[in-house]
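Undergrad: Pasting in a structure now, in structure tokens, and then I'll have a few things to ask.
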Amino acid sequence: MKSIVILISGRGSNMEAIVRACAAEEWPARIAAVISNRPDAAGLEFAAQHGIATAVVDHKVFSGERRREEFDAALRGVIDGFAPDLVVLAGFMRILTPAFTAHYVGRMLNIHPSLLPAFTGLHTHARALEMGCKFVGATVHFVTAELDHGAIVAQAVAPVLADDDEASVSARVLKLEHQMYPAAVRWFVGGRLAQEGGRVRQLDGVSQSFS
Ligand code: GAR
Numbered sequence: 108m109k110s111i112v113i114l115i116s117g118r119g120s121n122m123e124a125i126v127r128a129c130a131a132e133e134w135p136a137r138i139a140a141v142i143s144n145r146p147d148a149a150g151l152e153f154a155a156q157h158g159i160a161t162a163v164v165d166h167k168v169f170s171g172e173r174r175r176e177e178f179d180a181a182l183r184g185v186i187d188g189f190a191p192d193l194v195v196l197a198g199f200m201r202i203l204t205p206a207f208t209a210h211y212v213g214r215m216l217n218i219h220p221s222l223l224p225a226f227t228g229l230h231t232h233a234r235a236l237e238m239g240c241k242f243v244g245a246t247v248h249f250v251t252a253e254l255d256h257g258a259i260v261a262q263a264v265a266p267v268l269a270d271d272d273e274a275s276v277s278a279r280v281l282k283l284e285h286q287m288y289p290a291a292v293r294w295f296v297g298g299r300l301a302q303e304g305g306r307v308r309q310l311d312g313v314s315q316s317f318s
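Residue numbers (the working numbering): 108 to 318.
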């Protein structure tokens, strides 16, 4: 039985999709904990209601020059208390230090709301619309020290329609995220997905498109 820790910062709808799929599909895994950097993250309540351990490591408590290192060290301590096989970033909005990402290399996934390598960082859908993109999407990738740059595991694509704005595009992509992220996590816990030399190694049954 694999152990998964999910990190959130807010709503937690991707976390919710993963928790529901893990239970419904009887994965060989359990969600050991949901951890937030914000005490008011809405997703914490859903996790607690589903009998999942929750914890908060409030980034605002850390100040000064080494605040990122100190926050990451505290977070790492809490995560490792649950001895996870996989750490899942689900709307976790903190930039992570290289020491932190190195510690979880090959066992930390992120979902980013763009078709990477385009539009790393924030406000991805607004920037895609501004550029006149005809397609938007989301990417699941292994986490490395460079923000939004790890090996790509899966992508979901949605069209941009005539009347779209940031909210409508974001809602369309989020629906796909809720299909894609549980599938990718399921692949990992089923031993069908691994990171090998900066690339993703995918075994049978992994290829699937989300659109
Ligand atoms: C999701 O759209 C996710 O792709 C994005 O934040 C949202 C979180 O929603 N992640 C990032 O922007 C990471 N850079 P959720 O809390 O409802 O899952």
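Using N, Cα and C, we set each Cβ at its ideal position, and we do this for glycine too.
#1: With respect to the alpha helix (DSSP H) encompassing ILE159, which residues constitute its N-terminal and C-terminal limits?
#2: Ordered along the chain, which non-local residues of its own chain (more than five positions away) have a Cβ less than 6 Å from that of ARG145?
#3: Determine the DSSP secondary structure at LEU196, reduced to helix, strand or coil.
#4: Let me check understanding here. Comparing Cα to Cα, which of THR204, GLY213, GLN262 lies closest to ALA225?
#5: CB-CB under 8 Å to ILE125, same chain, minus the five flanking residues each way: which ones, in chain order?
#6: Hey, could you find the ends of the beta strand (DSSP E) ARG306 is sitting in?
#7: Between the C-alpha atoms of ALA162 and MET200, what's the straight-line distance to the nearest angstrom?
#8: Quick test of your reading: PRO220 and VAL267, contact by CB under 8 Å. State the CB separation rounded to the nearest angstrom.
#9: Taking only heavy atoms of ligand 1 into account, decide whether any of them is closer than 7 Å to the Cβ of LEU281.
#10: Straight-line CA distance for THR231 to SER120?
#11: Going along the chain, which residues of its own chain have a beta-carbon closer than 8 Å to the beta-carbon of ILE202, five neighbours each way excluded?
#12: Where does GLU152 land, buried or exposed, given buried means 16+ other C-beta within 10 angstroms?
#13: Roughly how many whole angstroms lie between the Cα atoms of GLY257 and SER143?
#14: Provide the residue(s) that pair with MET287 in DSSP beta bridges, ordered along the chain.
#15: May I ask you to list the residues that DSSP assigns as paired with LEU223?
#16: Which residue comes first and which comes last in the alpha helix (DSSP H) that contains LEU300?
#17: Mind checking whether the beta-carbon of PRO205 lies closer than 7 Å to any heavy atom of ligand 1?
TA: Inspection of the coordinates gives the following:
#1: It is not in any alpha helix (DSSP H) - ILE159 carries neither H nor E in the DSSP assignment.
#2: If we look at ARG145 and ignore the five residues flanking it on each side, its Cβ neighbours are SER116.
#3: Looking at LEU196 - three-state DSSP - the assignment turns out to be strand.
#4: Comparing C-alpha distances from ALA225 to each of THR204, GLY213, GLN262 shows the shortest one belongs to GLN262.
#5: Hits under 8 Å: ILE111, ILE113, ILE138, VAL195, ALA197, TYR288, PRO289, VAL292.
#6: Counting along the chain, the beta strand (DSSP E) containing ARG306 begins and ends at 306-309.
#7: Rounded to the nearest angstrom, the two C-alpha atoms are 16 Å apart.
#8: Rounded, the Cβ-Cβ distance is 14 Å, inconsistent with contact.
#9: Yes.
#10: Linking THR231 to SER120 through their CA atoms gives a straight-line distance of about 18 Å.
#11: ARG175, LEU254, listed in sequence order.
#12: So GLU152 counts as exposed.
#13: Near 22 Å, if we compare the C-alpha coordinates of SER143 and GLY257.
#14: Looking at the DSSP output, MET287 shares a beta bridge with no other residue.
#15: In DSSP, LEU223 forms no bridge with anything.
#16: LEU300 -> not in any alpha helix (DSSP H); beta strand (DSSP E) instead, spanning 300-303.
#17: In this structure, PRO205 has its beta carbon at no less than 7 Å from each heavy atom of ligand 1.
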